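Below you'll find the structure, written out as structure tokens, and then a few comments.
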Amino acid sequence: MRISNFISKELVFLNTESENIEELINNILDKAAEVDEEVRNNLDKAKKAVLKREDETSTALGHGIVLPHGRIDGYDDTTVISGTLKKPMKAIVRNKEESIELFFIILSGLTKNRTVLKLMSLVSCLGRQSEFLEKAKDVKSEDEFIELIQEYEND
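Quick note, the sequence shown lines up with residues 0 to 154 if you use numbering that gives the first Met the number 0.
Now the structure itself:
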């Protein structure tokens, strides 16, 4: 499985402005709903699911990445929405403050546990590659962002 198989350039948002993770989730899901019918049809449920999960415990992974995710009753797909932040935001990761600069939001149906867990693991692997993180901050286009993921993702 490859992360890039789940990412389309329409769902990559570069230089996003958000002050905190909750604002990021709301803003990005609103933007995704403008271009993706499945997200649009489930927008309220998606926001509730992702924000509820974030309230349970932070999805900040460390290494500059946050990975909000939610499982949605009646959602027939697995969607990955990703991108960069215009300026880093602060999040607590393992009891210390870290800067977040990249995000991957995963939406899925209730029965897609294995797929979601695998995608989360793959994002975590990307996050452990410091060269990927440095290059991701400087991408200029959605296509370049996806190509960078393809370059660094492991099969």
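Every residue, glycine too, gets a C-beta built ideally from N, C-alpha and C. If you're wondering where the values come from, they're calculated on a predicted model, not measured in any experiment.
message: Taking 8 Å as the threshold (C-beta atoms), are residue 59 and residue 32 in contact?
response: no
query: Does the count of Cβ pairs from the segment 61-70 and the segment 112-121 closer than 8 Å reach three?
result: yes
- prompt: Do you know offhand how far residue 18's Cα is from residue 88's?
  reply: 6 Å
query: Across which residues does DSSP place residue 59 in a beta bridge pair?
result: 65
- prompt: Any idea what DSSP makes of residue 105, helix, strand or coil?
  reply: strand
query: By how many angstroms is the C-alpha of residue 36 removed from the C-alpha of residue 98?
result: 32 Å
message: When you compare the CB positions of residue 103 and residue 23, do they come within less than 8 Å of one another, or not?
response: No, they are not a contact pair.
- request: Go through its chain and collect everything with a Cβ distance to residue 152's Cβ below 7 Å, but skip five positions before and after it.
  value: 1, 2, 3, 121, 125
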